[in-house]
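Heads up: the structure comes next, in structure tokens.
Protein chains: 2
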Amino acid sequence: MKTPMTQRAKHLPSDERRAEAVEAVVELAASANPEEITTSAIAARMKLTQGALFRHFPTKDAIWQGVMEWVSERLLARIDRLAGAESDPLAALKAMFLGHVDFIAEHPGVPRMMVGQLQNTGETPAKRMARALVENYANRLRRILSAARAEGVLPPDLDIDAAAALFLGMIQGLVMQHLIHGDSARMRADAPRVFAIYRAGLVAGATAVEGRT
Amino acid sequence: MKTPMTQRAKHLPSDERRAEAVEAVVELAASANPEEITTSAIAARMKLTQGALFRHFPTKDAIWQGVMEWVSERLLARIDRLAGAESDPLAALKAMFLGHVDFIAEHPGVPRMMVGQLQNTGETPAKRMARALVENYANRLRRILSAARAEGVLPPDLDIDAAAALFLGMIQGLVMQHLIHGDSARMRADAPRVFAIYRAGLVAGATAVEGRT
DNA sequence: GATAAAAGTGAGTGATCACTTCTATTCATG
DNA sequence: CATGAATAGAAGTGATCACTCACTTTTATC
Chain P
1 MKTPMTQRAK HLPSDERRAE AVEAVVELAA SANPEEITTS AIAARMKLTQ
51 GALFRHFPTK DAIWQGVMEW VSERLLARID RLAGAESDPL AALKAMFLGH
101 VDFIAEHPGV PRMMVGQLQN TGETPAKRMA RALVENYANR LRRILSAARA
151 EGVLPPDLDI DAAAALFLGM IQGLVMQHLI HGDSARMRAD APRVFAIYRA
201 GLVAGATAVE GRT
Chain F
214 MKTPMTQRAK HLPSDERRAE AVEAVVELAA SANPEEITTS AIAARMKLTQ
264 GALFRHFPTK DAIWQGVMEW VSERLLARID RLAGAESDPL AALKAMFLGH
314 VDFIAEHPGV PRMMVGQLQN TGETPAKRMA RALVENYANR LRRILSAARA
364 EGVLPPDLDI DAAAALFLGM IQGLVMQHLI HGDSARMRAD APRVFAIYRA
414 GLVAGATAVE GRT
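Residue numbers (this note's numbering), protein chains in the order written: chain P, 1 to 213; chain F, 214 to 426.
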């Protein structure tokens, strides 16, 4: 009678193992503080020993860098696809926003990891990657907002940078609520309501309100 | 000639040492990832040995709890004072917002610590404290927003919860920009511009915009 | 099917962490 | 000014971390 030994892991090419590791991290971050995601935990989820992990990544930060690339590619591809499908710029913004919220609901670890990276003090490649994602995202927002202003859909005095910052803030605000309540259905439900106020602020224009207060 | 030995720390009552420790953490968080703030680092900044720290706190999380109380008291007191000084609800909101941004500019470690606590998985007293702060803050926002709606300053169909969430999101968005650029002067400058869009969104009302898009 | 490269194992390594313990110093109180 | 309690210092402790290494197993290639 053989003892049911823990099976030895199958040999896989390094590319595939790296992809596995990145996905393991994304999944782990859904329920764990990113700082607590140890190389042992990653390896365990991959059903690998910890040492084997370092055959495919030179350092732990290289894993994080891979994760940030994963997030970047997926998120930007999604919002580009959604925004591209809309002709009206405001509809494109809304589609981007709701798509982003969906992405977070599908991968709840993502904002946690992003914040975790941005919090880091050193200048690691992973942090650079995270910052680049935010920059790329903001550029896309500014492009759409500028186009909308040029089309006359948004008022000529609209503060593009402030509008882009507020868009990102909306996401952050929903993420924080999500962190506190842990309810992604609620986040999805809140998203359109928050966006409605944002859109109203965009179309109203600054001068229209200055006189009011 | 005496060697300049490191001076022995003065004996202080536990209350004062605890206050010192909390302030040391707040200062350290201004330039360090909260996860990297070790008890040794705290003690070093207090010019104390690490062991001495545990004479005044039973555990490290107790220190964090003290820090979160410090933040709670200071921040809520400030926004209450600022909001109370305004008769117009919209002016009160703006004063709260700019006061909050000032608070963050004065204590850049605060949002980092808050996020760090909310990221934690376990149910520590410090995390409860952080969550309580957010709840209290949101309650104050809802109260002011409701009052404004009742006064007719804001439209009757305004979504109070969404407006409160967006307010918190504005702060988060500025914090993220601050994390990325590390420029608190810029954050202070951006704050009123972002708030202008927010205010426009509030006063416009939902129905006024539905038809536009 | 021999062989070498690639991938996995398992047992380390040193560094660092929160926390403890024992001793030394300070300080308030009589 | 003696004394005891409070506080600080110094040197631990065990746990955990990222990372290494010698060795074994698998896999691709001729």
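All residues carry an ideal CB built from backbone N, CA and C; glycine is no exception.
Under the Cβ criterion of 7 Å, P/G169 is counted among the residues facing chain F. Taking C-beta atoms under 8 Å as the contact rule, F/T252 and F/L261 fail to qualify, at a distance of about 10 Å. For the region 113 to 125 of chain P, the residues whose beta carbon sits under 8 Å from a beta carbon of chain F are, in order, V115, G116, L118, Q119, N120 and T121. Residue contact with chain F for P/Y198: present (Cβ-Cβ distance below 7 Å to some residue of chain F). Bounds of the alpha helix (DSSP H) holding P/T39 are T39 to R45. At least one C-beta of chain P is nearer than 7 Å to the C-beta of F/L392.
Counting only runs of 4 or more residues that sit fully inside the region 27 to 102 of chain P, the alpha helix (DSSP H) segments are 39 to 45, 50 to 53 and 60 to 84, in chain order. With a threshold of 7 Å between beta carbons, F/V323 makes no contact with chain P.
Going by C-alpha positions, F/W277 is about 13 Å away from F/E240. For the region 179 to 194 of chain P, the set of positions with a beta-carbon nearer than 8 Å to some beta-carbon of chain F reads L179, I180, D190, R193 and V194 in chain order.
Within chain F, the C-beta atoms nearer than 7 Å to that of P/Q172 come from G382, Q385, G386 and M389, in chain order. When the alpha-carbon of P/N120 is set against those of F/Y411, F/K340 and F/G322, the nearest one is in F/G322.
Residue P/A132 holds the alpha-carbon nearest to the alpha-carbon of F/H394 among P/A132, P/A77 and P/R55. For the C-beta of P/A105, not a single chain F residue is nearer than 8 Å; the gap to the nearest is close to 16 Å.
Here the region 307 to 319 of chain F makes contact with the region 399 to 417 of chain F; the two share three or more CB pairs at distances below 8 Å.
About 6 Å separates the Cβ atoms of F/I250 and F/A242, confirming a contact at the 8 Å cut-off. Near chain F, meaning a CB-to-CB distance below 9 Å, the residues of the region 80 to 93 of chain P are D88, L90 and A91. With 16 or more neighbouring CB atoms inside 10 Å of its own CB, P/P34 falls in the buried class. DSSP places F/Q220 in the coil class of the three-state scheme, outside both helix and strand. A distance below 6 Å between beta-carbons, with the five flanking residues on each side excluded, links F/M281 to the following residues of its chain, in chain order: A339, M342 and A343. Listed by position along chain F, the residues whose Cβ is nearer than 7 Å to that of P/N33 are Q332, N333 and T334. Across the region 344 to 359 of chain F, CB contacts with chain P closer than 7 Å involve R344 and V347, in sequence order along the chain.
Contact between P/A185 and P/V101 is absent: CB atoms are separated by about 11 Å, not below the 8 Å threshold.
F/G312 is outside the set of residues whose beta carbon lies under 7 Å from a beta carbon in chain P. Between P/G173 and F/A378 a beta carbon distance of about 5 Å is seen, short of the 8 Å cut, so the two are scored as contacting.
One alpha carbon belongs to F/A254, the other to F/A234, and they sit about 10 Å apart. When 7 Å is used as the limit between beta carbons, P/L202 is near these residues of chain F: I410, in chain order. Sixteen is the threshold: since fewer than 16 other Cβ atoms of the shown chains lie within 10 Å of the Cβ of P/D80, the residue is exposed. For the pair P/A24 and F/V416, the Cα-to-Cα distance works out to about 46 Å.
At a Cβ-Cβ threshold of 7 Å, F/A375 and F/L367 do not count as neighbours.
About 6 Å separates the Cβ atoms of F/R401 and F/A318, confirming a contact at the 8 Å cut-off. In the three-state reduction of the DSSP assignment, F/G386 falls in the helix class, which pools H, G and I. For the region 363 to 377 of chain F, the set of residues with a beta-carbon nearer than 7 Å to any beta-carbon of chain P comprises D372, A375 and A376, in chain order. Considering only beta carbons, no part of the region 58 to 80 of chain P lies closer than 7 Å to chain F. By the 16-neighbour rule on beta-carbons within 10 angstroms, F/P271 is exposed. Below the 7 Å Cβ cutoff, chain F contributes no neighbours of P/L28, its closest Cβ being approximately 11 Å away.
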